[in-house]
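Protein chains: 2
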Amino acid sequence: MHDDLHEFKADFFKALGNPLRLRILDALRDHEKSVSMLQDELAVEQSTLSQQLSILAKKGFIVSRKEGTLNFYRVKDPDVYRLLDLGRTLFERHLQSSQRLLDALSSVEPRNK
Amino acid sequence: MHDDLHEFKADFFKALGNPLRLRILDALRDHEKSVSMLQDELAVEQSTLSQQLSILAKKGFIVSRKEGTLNFYRVKDPDVYRLLDLGRTLFERHLQSSQRLLDALSSVEPRNK
DNA sequence: ACGTAATATTGTGATATCATAATATTGTGA
DNA sequence: TCACAATATTATGATATCACAATATTACGT
Numbered sequence: 001m002h003d004d005l006h007e008f009k010a011d012f013f014k015a016l017g018n019p020l021r022l023r024i025l026d027a028l029r030d031h032e033k034s035v036s037m038l039q040d041e042l043a044v045e046q047s048t049l050s051q052q053l054s055i056l057a058k059k060g061f062i063v064s065r066k067e068g069t070l071n072f073y074r075v076k077d078p079d080v081y082r083l084l085d086l087g088r089t090l091f092e093r094h095l096q097s098s099q100r101l102l103d104a105l106s107s108v109e110p111r112n113k
Numbered sequence: 001m002h003d004d005l006h007e008f009k010a011d012f013f014k015a016l017g018n019p020l021r022l023r024i025l026d027a028l029r030d031h032e033k034s035v036s037m038l039q040d041e042l043a044v045e046q047s048t049l050s051q052q053l054s055i056l057a058k059k060g061f062i063v064s065r066k067e068g069t070l071n072f073y074r075v076k077d078p079d080v081y082r083l084l085d086l087g088r089t090l091f092e093r094h095l096q097s098s099q100r101l102l103d104a105l106s107s108v109e110p111r112n113k
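Chains as they are written, first to last, in my numbering: chain A, 1 to 113; chain B, 1 to 113.
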């Protein structure tokens, strides 16, 4: 049921499926930052950064506030960090089980071929 | 720091950024299912389904168990549903605030141009 | 009004992702 | 061993995403 919902939800997760966008969100954990602050911190092309900020804003993850010529971005819903942190937990759990598998394989057949 | 980590983490979220893969995960909430069961339930091309299952498996979201000619898939870490549900919550919250914005706009200027 | 800093937008080519179609593999029963 | 069912893999073309470069916009100080 509700296949359209999956379409929207996929869009939501897709926004998180990019390393630069994740770095931006992480950079905004503590407080808002201007584009140039983010540019210094993340060391990426100005237009690239601006594009990814625009995508995050369009998807509703961040909002901006203009102050003169500066544009400050901040996270709209801080609970997104609960999502990111939970993702990290699951991801690390997966890495660990992969590692255990590799360990098991290498101890059972340490020298094949 | 740890920009490589963001690369991996983005990969993780990217796996969730596809409507069919979300539908597959939702279909596997209660119990394992064979490919043909999923095929009936989701009504997608056989090869498409197989490919997306393979992607989910490669990323560690699901594992499979062969029984004769059937292949049963199940979710590896059920906590992934906590992630999906949290995503839905945040997503709906975003939709609601967008809706409020639209409502506010339409009530303030109901007939411009 | 002019110049400049900060940011956004647009154009473009490379790469990734997707669905479909065609083909290959594997297991089972006759 | 043959045929068939279940699934996987490969090939292909369409579309999406990405980073970079170039250009445009906007606000401020002079």
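For glycine and all other residues, C-beta sits at the position ideal for the given N, C-alpha and C.
Measuring only the C-alpha atoms, how far is A/D40 from B/L5? To locate residue 40 of chain A, count along the first sequence from 1; it is residue 40. To locate residue 5 of chain B, count along the second sequence from 1; it is residue 5. Distance between the alpha carbons of A/D40 and B/L5: 20 Å.
Taking all protein chains shown into account, decide if B/G68 is buried (16 or more other Cβ within 10 angstroms of its Cβ) or exposed. Taking the first residue of the second sequence as position 1, residue 68 of chain B is located at position 68. Exposed, because fewer than 16 other Cβ atoms sit within 10 Å of the Cβ of B/G68.
Can you tell me whether DSSP reads B/L28 as helix, strand or coil? Locating residue 28 of chain B in the second sequence gives position 28, counting from the first residue. B/L28: coil per DSSP, three-state reduction.
Enumerate in chain order the residues of its own chain whose CB-to-CB distance from A/S36 is below 8 Å, with the five nearest sequence positions on each side excluded. Along the first sequence, one-based indexing puts residue 36 of chain A at 36. Only L70 meet the Cβ criterion.
Three-state class that DSSP yields for B/E92 in the structure shown: Stepping through the second sequence from its first residue, residue 92 of chain B is reached at position 92. If DSSP states are grouped into helix, strand and coil, B/E92 belongs with the helices.
What is the rounded straight-line gap between the Cα of A/Y81 and the Cα of A/R29? Looking up residue 81 of chain A in the first sequence gives position 81. Looking up residue 29 of chain A in the first sequence gives position 29. Each residue's alpha carbon lies about 8 Å from the other.
Can you tell me whether B/R65 is buried or exposed? The criterion is at least 16 other CB atoms within 10 Å of its CB, across all chains shown. Translated into positions along the second sequence, residue 65 of chain B becomes position 65. Flag for B/R65 reads exposed.
Against chain B, which members of the segment 72-94 of chain A pass a CB distance test of less than 9 Å? K76, D77, D79, V80, R82, L83, L84, L86, G87, R88, T89, L90, F91, R93, H94
Residues of the segment 52-71 of chain A with a CB closer than 7 Å to any CB of chain B: list them in chain order, please. G60
Cα-Cα, which of A/L102, A/V63, A/F91, A/K58 is closest to B/F13? Here residue 13 of chain B refers to the residue found at position 13 when the second sequence is read from its first residue. B/F13 has its Cα closest to that of A/F91, out of A/L102, A/V63, A/F91, A/K58.
Thinking C-alpha only, which one of B/R88, B/L86, B/S54, B/T89 is nearest B/F72? The residue given as residue 72 of chain B occupies position 72 in the second sequence. With distances taken between Cα atoms, B/F72 lies closest to B/S54.
Any C-beta of chain A within less than 7 Å: which residues of the segment 17-46 of chain B qualify? Within the segment 17-46 of chain B, the qualifying residues are G17, N18, P19, L22, R23.
Which residues of chain A have a Cβ atom closer than 8 Å to the Cβ of B/F3, listed in chain order? Position 3 of the second sequence, counted from the first residue, corresponds to residue 3 of chain B. Residue 3 of chain B is actually Asp in this sequence, not Phe. Within 8 Å Cβ-Cβ: P19, R23.
Tell me whether A/A15 is buried or exposed, calling it buried when 16 or more other Cβ atoms sit within 10 Å of its Cβ. Within the first sequence, the letter at position 15 stands for residue 15 of chain A. A/A15 comes out buried.
Closer than 9 Å by beta-carbon distance: list the chain B residues that pair up with A/S98, in chain order. Walking along the first sequence from the start, residue 98 of chain A turns up at place 98. Chain B residues near A/S98: G60.
Apply the 10 Å Cβ neighbour rule to A/L127 and answer buried if 16 or more other Cβ atoms are within range, or exposed otherwise. Here chain A comprises residues numbered 1 to 113, so residue 127 of chain A is not present and cannot be evaluated.
For A/A10, is the classification buried or exposed, using 16 other Cβ atoms within 10 angstroms of its Cβ as the cut-off for buried? Here the question's residue 10 of chain A lines up with position 10 in the first sequence. It counts as buried.
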